[in-house]
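Trainee:
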Amino acid sequence: MTIRIITDGGADLPQGMPEECKLHIVPLHVTFGEQAFQLQQGMRTFYSIMKTNSVLPKTASPSPQDFVEAFERYPADDLLVIAMSSGLSSTYQHAVMARNMVLEEGSPRRIEVIDTRTASIGQALIAYRSWKEIQAGRTFDEVAAAAQAFAEGAKTLFYLDTLENVVKGGRLSQGKGAIASVLNIKLFMQASAEGTVEVVDKVRGKKNALTRLIDKIDELGGSAAGKVIGIAHSTTEEEVRGVLDRILAKHPFREVFITEVGPVIGTYAGEGGIVVSYA
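First residue of the sequence shown: 1, per my numbering; consecutive thereafter.
1) Using three-state DSSP, classify residue 153 as helix, strand or coil.
2) Reducing DSSP to helix, strand and coil, say where residue 1 ends up.
3) Along the chain, where does the alpha helix (DSSP H) containing residue 50 start, and where does it finish?
4) Three or more C-beta pairs under 8 Å: does that hold for the stretch 2-15 against the stretch 74-87?
5) DSSP puts residue 204 in a beta bridge; with which residues?
6) How many Å lie between residue 130 and residue 13 at the Cα?
7) Rounded to whole angstroms, what's the CA-CA distance from residue 73 to residue 196? Just pull it up for me.
8) Roughly how many angstroms separate the alpha carbons of residue 252 and residue 34, rounded to a whole number?
9) Quick one: using the 10 Å Cβ neighbour count with 16 as the cut-off for buried, is residue 60 buried or exposed?
10) For residue 130, does the three-state DSSP call read helix, strand or coil?
11) For my contact list, residue 80 and residue 126 are in at a C-beta cut-off of 8 Å; report their separation, rounded to the angstrom.
12) Look at the alpha carbon of residue 241 and the alpha carbon of residue 58, and state the distance between them as a whole number of angstroms.
13) Anyone know if the C-beta pair for residue 160 and residue 187 falls short of 7 Å?
14) Look up residue 172 in the DSSP assignment and say whether it is helix, strand or coil.
15) Using three-state DSSP, classify residue 159 as helix, strand or coil.
16) Under 8 Å, with one C-beta from each stretch per pair, do the stretch 117-126 and the stretch 42-50 reach the 3-pair mark?
17) Given that a residue counts as buried once 16 or more other Cβ atoms are within 10 Å of its Cβ, and exposed if not, what is residue 50?
18) In the DSSP assignment, find the beta strand (DSSP E) that holds residue 94 and state where it starts and stops.
19) Whose C-alpha, out of 88, 208, 264 and 26, is nearest the C-alpha of residue 232?
20) Need the endpoints of the beta strand (DSSP E) that residue 59 sits in, please.
21) Between which two residues does the alpha helix (DSSP H) carrying residue 248 extend?
22) On the DSSP bridge assignment, give the partners of residue 259 in chain order.
23) To the nearest angstrom, how far is the alpha carbon of residue 226 from that of residue 254?
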């Protein structure tokens, strides 16, 4: 059987990757009140709408039935599902429920669901590296084991330029948010081993925060050889290129990807955010 990769809307996929890797994407749902946001509206429109609302848009995981319908599109394929972290969303659990529903009906196919313990560009890199394993002629068991290893070894770092969405989401009081804004405090975070997002540091000023992000790669250690790095952002291409150049000067990653943060991650990151992942 052919091996096909399915992922979800928590992944911020670089342009061209879905087509090149033949990825099927099960979307997450983002709504402003009763109004569903469509990605083709563009992220500038998304941030503009978000600024005019006092509350954040709502994000909802795909249902188990959404995954079942995706599985049924490829009845002759074995399926590897690269899911958003179970520590951030119920997407992984819903994909597992769908897998069990399909297999209980007696399907001879192999279906495995990988909890990536990350999201955004990190999730995209795990899907990409898994596809490369397929291209190398690996068996389904080998590809699934490699995907699990990529998920366990992936590192994801986050930089927030604004705390506005953290305040809107109720994770920081308005008073503390106002003080942090006056003091020009930036949040620097990382994905934990359990797949949640934890604050590593609170740094004063963008320049110091970006330097802290780059230094963190040194602290995490490990060789960049054979690994790929990606940056998803809601800032300028120029700023992202500058950060990437500083990273690559010290860490020669094999491949590099840059993309925009999508609406799921953008809901919480806001404008000016940067996500760096490598796997």
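The beta-carbon is built from N, C-alpha and C at its ideal position, and this holds for glycine as well.
Mentor: Judging by the given coordinates:
1) helix
2) coil
3) 43-51
4) yes
5) 185
6) 14 Å
7) 31 Å
8) 46 Å
9) exposed
10) helix
11) Contact flag wrong, Cβ pair sits at about 10 Å.
12) 31 Å
13) yes
14) Residue confidence for residue 172 is low, a pLDDT of 49 falling below 50, so the modelled location carries little weight; the figure read from the coordinates is stated next. Coil.
15) strand
16) no
17) buried
18) Here residue 94 belongs to no beta strand (DSSP E); instead the alpha helix (DSSP H) covers 91-104.
19) 264
20) 58-60
21) 237-248
22) 232
23) 5 Å
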